[in-house]
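Asks: Chains as they are written, first to last, in my numbering: chain A, 1 to 274; chain B, 1001 to 1222; chain C, 2001 to 2272; chain D, 3001 to 3428.
Got a structure for you, written out below as C-alpha cells; questions coming shortly.
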C-alpha cells in the first residue's frame, strides 16, 4: 500500500510544485527576511573601495547598458552604485549604448536624485543613447564634447557645472559599466588598458565567471555579480533595497529546488527497495 | 527555363558564398567595402522576409476569422495587439522617452510588450523547478554525475547555500566557490570544448555543401 | 485647375491638423500610468494562469502577444531598416539599394504558387552570405583557437603548480574523450567504448553545471515579475493585482461548479 | 586590376630588401649610438628610425620601428608624433616607457613577422586620428625620447604612404586548414562508395520510427518544431533535411504532422521539402498545405502559442530540431507533461542541458548534422561524415602532440618551438 502511496507522490501533479515556488518567492517580497549574507565577495568590495576612496567632487562615469530582460539583477546594482556616488558627493555622468535602457535610467535618477536632492546638470548629467560604441569610446579619449555636445534632453553640456574641467578619460576618476552584454569587455579592452583609466563592472550572474581572467590581471578593478552582488553592495552602503529582498527570495528558491531534487531521489530509492 | 529556375539561384549561392569567404582573407579596402554593402543588403532582404511573415500571420488569422473556425474570437486579439504597438509607434515616431516622461510607444512597450515577454521568460523558472524534480533522478552513474554538478552549482550560488556548505563540509577547507570555480574552469570547459569543436566542423562541412550546391534539397526538385 | 489644387491643399491641412489632435490624445498622464499598471499585471496573471490550466484568458494574452510581438518587430524594422536603409537612399538617388529590394520582393512571390520559384533568388542570397561568413569565422574561433586554448596552459609549464598542470591535463584529455564520443564512422567497442564513456561523464558534468548556473538568472527574472505584480497591487493602482487574481479564481471556481470542467476532463480521459 | 597586383608584388619585394637594408643600418648605427650617447648635443638624433606600411591591413595604419637603446637610463619614455600634409603640425599619438612596445608585442605569427625583443615596433592607426583619408595620402612620423620629461633626442622625420594589402598573411594557418578541409571534402564526396559505409547507432534517430508508430496507433498528431533559426543558420538547414525524412515516414504510416514556424523563409523551404517527401512516399493526395503554418516571428510569443497548441492537442511525439534559445525549456517541459515522446537536437550548446533533462532523446551538437545522412543513408552524405570525423581526428592529434611539444619546449626553454606551436593554433 505504501508503495502506491509513494508512487502517487512520485508522479505528483507539477502544479503543486509551481504553487510552492510562487509562495516561496512572494513571501520575501512582502516582508524581507534579511537572511544572513555570509561574506562580501572581494570583487564587490573592490568596486566599493574604488568609489569610497575618491575625494568629493571627483567625476564618475556610469555606463548603464541593460534592458528590461536583465533589469531584476542589474537595476538594484545600478541604484546602489548611484546612491553610493551621491552619498559621497561625487559628480556623476551617465552614458548608454542599449536603446532599451533609456527608460530605466530616467526612472533611476528621478527616484535617487530626490533622495539626495541632486540637481540635473549640476550634480549629474545623462548623455543620449549612442548606437556605435567603438567610435564613441575612442572619441571620448580625446574630446568628450566631440560626440556628446548635448545631454539627452538636448540642453548643451559644455557649460554644465557637473562637467567643469572634464574633457576626456584623464579627468575621470573611475568608470563603472553595468551590463548583461559584452559592452564591459569593450570598456576594459578599448579604454581601461589603453588610457589607464580604472574600469569596474556590474554583470549578471550568468556572465560573472567569464570575467575571472580580467580580475586576476587587474584590468578590471572589481566586479559586482548578479543579485547576490547587488545585495552585498547594498549591505556595504547600508541601504537595503531590491537587492536584499531579491537575494532572500533566491536563497529560499534555490533551497526549494534542492529540497525537491532530494525528495524525488529519496522516493526513488524507497520505491526501489520497498 | 531550367536555367532561370535552377542554375542562376545556385550560381547566386556559389558567388555570394565564395566572395564572402574570400573577403575574410583579403584586408584591402575593396573587400571591406564589399562586406559592408553585403551586410546592408542582408538587412534589407531580411526586412522583406519579415514582411513575408507579417503577411502570412495576417493571412492565417484573417482566414480563421472569415471562416469562423472555432476559436476565431482570439484571432481578433492578434490585430488588436498589433495596432496597440504600431499606432503608438506612429504617434511618437519611434521614440520611447521624451523629457516629459513616457511617450505613447514607451507606455505600450513598458506595460504591454515587456510585461508579456518578461512573464514568458519568467515562466521558465517554474519549468526549471518541475524539470529538476522530474529528471535529476539518480538511475545511473551518469545521472549521478549530472545530479552532483547541478547540485553544487545550485547550492553554491546563494549565500545560504555557502553557509550550509561551510557547515557541512567546512573541514575540507575548500569553500564552495572554489569548487564551483574548478567545475566551471576544468571539466565543464572540456565538455563544452568537445561539443564546440564538433559543431564547428559539422557547420563548415554543411556550409561547403551549400556553397558547392551539393545540398540542394531546400530548392525543391522541380 | 487652380480650384483643384486649392481643395487638395485644404484637405492636406485638415488631415495634418487632425493628426496633430490625434497625437495629442496620447499624452501619458498619471491615469494612463495606472491603466498601464492594470494592463501589465492583468497580462502577467493571464500568462501565468497557463501554469494551472489552458484557459480563455491565457488564449487572449497569447494572441495579444502574437500581435504585439509582430507589431514591435514591425516598428523596429520600419524605424531601423525601412526608412534609413531603403527609403532614404532611394530618395537620394542611390539606386544600388534596388538590388536587395528586388531580392527581398522575390521572397514575397511565395503567395503565388505558380511563380513561387522566384523566391529562390531571395533566400539563396541569404544562404550564400550565411555560409560564406560561417566557414572562416567558425574555423578560426571554434576550431583553431580551441586547439590553441587547450595547449596554451602547457606553455607556462615551468611556472605552474602541479595542481594547475593536473587541471590542464584533465581539460585536454576530457576534450579528446568527448570528441571520441562523437566519432560516427567507427564502431564504439573495446577500449574505444571506455574512452567515449569517459567523454559522456564530461558531458554530464558540463550539462549539470550549465543547468545549475542558469537557475539563479531565471529565478531573478521571476522575482522581477512578482515584484512588478506586487507594486501594481498597491493602493496607487487601486489594488489591481488582487482584483484580477480574484477574478481568475472566481472564474475557475465557477467552471468547476457548473461541471464544465468535468465534461472536459472526461473528454480528455477518453482521448488520453 | 592587373597593375594593382604588380604594384603590390613590387611593394612586397621592396619591403623585403628594405628590411635587408634596415638590418645593415641597425648594425652600423648601433655602434654610433654609443658614441652619440656620450656627446650630449642639444637634441641628439634617435638612430635607425623607419616608418613602413603596416602589413596585412586595409591601408590605414603605419608601422614605426627603431632599435631598442640598451643603455637607456631609467624613466626614459618615447613619444610618437604624426602629421599629415593637409593638417600640418605634429599630432601626439601615444607615449610609452622604454620597456614597452617591443617587436615581440606585435600580435603577428612567426611566418608573417620577424620582430624581436631588441627593437621597438609601434603600430599607429591613422583613421581615428585623421578620419578616412584618400588612399595614397602621405604622412610623416617622428619619435621623441624623453628622460624624466625632458626632451633628450628626436628621430629624423620619416614619410610613408600607407597602402591596402591584398592578403592577410597572418591568417595563413586558417587558409591552409580550409584548403585541406575542402580537398578532403571533395575527395570524400567524389569517392562515395555505394555501400559498406558504417555509421554508429544514434539512439535519438532510431527512436523516430518508434515515435511515429506510436503516433499512428494513438491517432494523435506529431509536432515538428524547426526552432527559431533563420534559413542561413546551419542547424535550420539540417532541421529542414530531417523534416523531409520524418514527413516521408509520416506519409508512409499515413499519420499527420504539424510544423509551426518562426521564420517565413524557413516555412517556404519546409513547404517545398514536405511536399517533395509526400510525393516520394507515393501519397501526394494526403499532403495538406497547412501542415507548415506560420506562428510568430517573436521568440516568446512563438513559444507561448506552440505551448498552447501542444497542451490543447496533446501530440504523441514532439521533435525539436534546429536553433533554439531560452524558449527551449518552455517547449520541452510542456511537451513532457502532455505525455509525448520528445526527441530534440540543437547545436546551441547552452540550451543542450535543458533539452537533455526535459526530453527523452537529445542529439548533441554535430549529431544534428549527421542526422540527415543517418536517416537518408545517401552514400554521398554518409561519406561527407568522414570529413567531420577526420576533422576531429586532426584536433585530437594536434592537441596530443601540441601538448607534448609545448611542455618539452617550456621545460627545456626552447622558446622558438613554443612560439611556433602557439602561433600555429591561434586565430588572428
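Glycine is no exception: its CB is placed at the ideal position from the N, C-alpha and C atoms.
All values derive from a computational prediction rather than experimental measurement.
Report the partner residues of residue 3066 of chain D according to the DSSP bridge assignment.
Replies: Position 66 of the fourth chain, counted from the start, is the residue given in the question as residue 3066 of chain D. Paired residues: D:3120.
Asks: From the DSSP output, in three-state form, read off residue 3322 of chain D for me.
Replies: What you label residue 3322 of chain D is simply residue 322 of the fourth chain in a count that begins at 1. Strand, per DSSP.
Asks: What separation, rounded to the nearest whole angstrom, lies between the Cα atoms of residue 212 of chain A and residue 219 of chain A?
Replies: Counted from its first residue, the first chain places residue 212 of chain A at position 212. Counted from its first residue, the first chain places residue 219 of chain A at position 219. Cα to Cα, residue 212 of chain A sits roughly 11 Å from residue 219 of chain A.
Asks: With a threshold of 8 Å, are at least 3 pairs of Cβ atoms found where one atom belongs to the region 1018-1029 of chain B and the other to the region 2069-2084 of chain C?
Replies: At 8 Å Cβ cutoff, the stretches do not touch.
Asks: Using a Cβ-Cβ cut-off of less than 9 Å, give me the residues of the region 1157-1173 of chain B that come near chain C, in sequence order.
Replies: Of all residues in the region 1157-1173 of chain B, 1157, 1158 have a Cβ within less than 9 Å of some Cβ in chain C.
Asks: Please report whether the beta-carbon of residue 2215 of chain C lies at a distance below 8 Å from any beta-carbon of chain A.
Replies: For the purposes of this step, residue 2215 of chain C is identified with residue 215 of the third chain, where counting begins at 1. Closer than 8 Å to some Cβ of chain A, the Cβ of residue 2215 of chain C qualifies, so yes.
Asks: When you compare each of B:1035, B:1044, B:1184, B:1040 to residue 2102 of chain C by their alpha carbons, which one comes out closest?
Replies: Residue mapping note: residue 2102 of chain C aligns to position 102 of the third chain, counting from 1. With distances taken between Cα atoms, residue 2102 of chain C lies closest to B:1044.
Asks: Which residues, in order along the region 237-248 of chain A, keep a beta-carbon less than 9 Å from a beta-carbon of chain C?
Replies: Those residues of the region 237-248 of chain A that come within reach of chain C (Cβ to Cβ, closer than 9 Å) are 242, 245, 246.
Asks: Would residue 151 of chain A be called buried (16 or more neighbouring beta carbons within 10 Å of its own) or exposed?
Replies: Taking the first residue of the first chain as position 1, residue 151 of chain A is located at position 151. Buried.
Asks: Which of the three DSSP states, helix, strand or coil, is assigned to residue 3148 of chain D?
Replies: Numbered from its first residue, the fourth chain carries residue 3148 of chain D at position 148. Of the three classes helix, strand and coil, the one that applies to residue 3148 of chain D here is coil, per DSSP.
Asks: Taking only beta-carbon positions, decide if residue 2049 of chain C is within less than 8 Å of chain A.
Replies: If you number the third chain from 1, residue 2049 of chain C lands on position 49. For residue 2049 of chain C, the answer is no, since every Cβ of chain A falls outside 8 Å of its Cβ.
Asks: Give the straight-line distance between the Cα atoms of residue 1001 of chain B and residue 2098 of chain C, rounded to the nearest whole angstrom.
Replies: Locating residue 1001 of chain B in the second chain gives position 1, counting from the first residue. Locating residue 2098 of chain C in the third chain gives position 98, counting from the first residue. Approximately 25 Å between the Cα atoms of the pair.
Asks: What is the DSSP secondary structure of residue 1017 of chain B, counted as helix, strand or coil?
Replies: Looking up residue 1017 of chain B in the second chain gives position 17. Helix.
Asks: Just to confirm my understanding: we take residue 3349 of chain D, look at its own chain, exclude 5 residues before and 5 after, and list those with CB closer than 7 Å. What are they?
Replies: To locate residue 3349 of chain D, count along the fourth chain from 1; it is residue 349. Answer for residue 3349 of chain D: 3365, listed in chain order.
Asks: Closer than 8 Å between beta carbons: that is the criterion. Which residues of the region 1123-1138 of chain B meet it against chain A?
Replies: Against chain A - using a Cβ distance shorter than 8 Å - the residues of the region 1123-1138 of chain B are 1125, 1126, 1128, 1129, 1130, 1132, 1133, 1134, 1136, 1137, 1138.
Asks: Determine the direct distance from the alpha carbon of residue 1080 of chain B to that of residue 119 of chain A, and round the result to whole angstroms.
Replies: Position 119 of the first chain, counted from the start, is the residue given in the question as residue 119 of chain A. Position 80 of the second chain, counted from the start, is the residue given in the question as residue 1080 of chain B. For residue 119 of chain A and residue 1080 of chain B, the distance between alpha carbons rounds to 42 Å.
Asks: Following the continuous beta strand (DSSP E) through residue 3051 of chain D, name the residue where it begins and the one where it ends.
Replies: Here residue 3051 of chain D refers to the residue found at position 51 of the fourth chain. Residues 3050-3053.
Asks: Using a Cβ-Cβ cut-off of 8 Å, state whether residue 3171 of chain D counts as contacting chain B.
Replies: One-based indexing of the fourth chain puts residue 3171 of chain D at position 171. So yes, residue 3171 of chain D belongs to the interface.
Asks: Grouping DSSP H, G and I as helix and E and B as strand, with all else coil, what is residue 132 of chain A?
Replies: One-based indexing of the first chain puts residue 132 of chain A at position 132. Three-state DSSP puts residue 132 of chain A in coil, outside helix and strand.
Asks: Counting Cβ pairs, one atom from each stretch, are 3 or more of them under 8 Å apart for the region 3220-3238 of chain D and the region 3392-3406 of chain D?
Replies: Touching, no, given that fewer than three Cβ pairs across the two stretches are closer than 8 Å.
Asks: Looking at C-alpha atoms only, which residue of A:95, A:56, A:99, A:52 is the closest neighbour of residue 80 of chain A?
Replies: For the purposes of this step, residue 80 of chain A is taken as residue 80 along the first chain, with counting starting at 1. When only C-alpha atoms are compared, the closest one is A:52.
Asks: Report yes or no: do three or more beta-carbon pairs, one from the region 2183-2197 of chain C and one from the region 2155-2164 of chain C, lie closer than 8 Å?
Replies: With a cut-off of 8 Å, the region 2155-2164 of chain C and the region 2183-2197 of chain C do not count as touching, because too few Cβ pairs lie within range.
Asks: Quick one: using the 10 Å Cβ neighbour count with 16 as the cut-off for buried, is residue 110 of chain A buried or exposed?
Replies: The residue labelled residue 110 of chain A in the question sits at position 110 within the first chain. Classification of residue 110 of chain A: exposed, given that the 10 Å Cβ count is below 16.
Asks: Name the one or two DSSP bridge partners that residue 3083 of chain D has.
Replies: For the purposes of this step, residue 3083 of chain D is identified with residue 83 of the fourth chain, where counting begins at 1. DSSP output for residue 3083 of chain D lists D:3140 as bridge partner(s).
Asks: What are the boundary residues of the beta strand (DSSP E) that residue 3044 of chain D is part of?
Replies: Numbered from its first residue, the fourth chain carries residue 3044 of chain D at position 44. Looking at the DSSP string, the run of the beta strand (DSSP E) that includes residue 3044 of chain D is 3044-3046.
Asks: For the beta strand (DSSP E) containing residue 2044 of chain C, list its first residue and its last residue.
Replies: Translated into positions along the third chain, residue 2044 of chain C becomes position 44. No beta strand (DSSP E) holds residue 2044 of chain C; the alpha helix (DSSP H) holding it covers 2030-2048.
Asks: To which residues of the same chain is residue 3228 of chain D closer than 8 Å at the C-beta, ignoring the five residues directly before and after it?
Replies: The residue you call residue 3228 of chain D lines up with position 228 of the fourth chain. Same-chain partners within the cutoff: 3262, 3263, 3299, 3302, 3322, 3323, 3324, 3325, 3327.
Asks: Pull up the distance between the alpha-carbon of residue 1213 of chain B and that of residue 1018 of chain B, whole angstroms please.
Replies: Here the question's residue 1213 of chain B lines up with position 213 in the second chain. Here the question's residue 1018 of chain B lines up with position 18 in the second chain. Spanning the two alpha carbons is a distance of roughly 12 Å.
Asks: Kindly examine the ligand SAM and report whether one of its heavy atoms sits closer than 7 Å to the Cβ of residue 3272 of chain D.
Replies: Summarising the ligand content, the structure contains no ligands, and the ligand SAM is consequently not present.
Asks: Taking 8 Å as the CB-CB cut-off, is residue 174 of chain A touching chain B?
Replies: The residue you call residue 174 of chain A lines up with position 174 of the first chain. So, not an interface residue.
Asks: Anything in the region 1198-1218 of chain B with a Cβ closer than 9 Å to a Cβ of chain D? List those residues in chain order, please.
Replies: Answer in chain order: 1198, 1199, 1200, 1201, 1202, 1203, 1204, 1205, 1206, 1207, 1208, 1209, 1210, 1212, 1214, 1215, 1217, 1218.
Asks: Closest Cβ-Cβ distance between residue 2228 of chain C and chain D: below 8 Å?
Replies: Taking the first residue of the third chain as position 1, residue 2228 of chain C is located at position 228. For residue 2228 of chain C, the answer is no, since every Cβ of chain D falls outside 8 Å of its Cβ.
Asks: Would you say residue 1029 of chain B faces chain A, with C-beta separation under 8 Å as the test?
Replies: Counted from its first residue, the second chain places residue 1029 of chain B at position 29. No, residue 1029 of chain B does not count as interfacial toward chain A.
Asks: Look at the alpha carbon of residue 2223 of chain C and the alpha carbon of residue 2062 of chain C, and state the distance between them as a whole number of angstroms.
Replies: Indexing the third chain from 1 puts residue 2223 of chain C at position 223. Indexing the third chain from 1 puts residue 2062 of chain C at position 62. When rounded, the distance between both Cα atoms is 22 Å.
Asks: Just confirm the distance between the C-beta atoms of residue 3089 of chain D and residue 3103 of chain D, as a whole number of angstroms; I'd bet it's less than 8 Å.
Replies: Within the fourth chain, numbered from 1, the residue matching residue 3089 of chain D stands at position 89. Within the fourth chain, numbered from 1, the residue matching residue 3103 of chain D stands at position 103. The pair is not a contact, with the Cβ atoms about 30 Å apart (cut-off 8 Å).
Asks: Grouping DSSP H, G and I as helix and E and B as strand, with all else coil, what is residue 1203 of chain B?
Replies: Looking up residue 1203 of chain B in the second chain gives position 203. Residue 1203 of chain B falls in the helix class under three-state DSSP.
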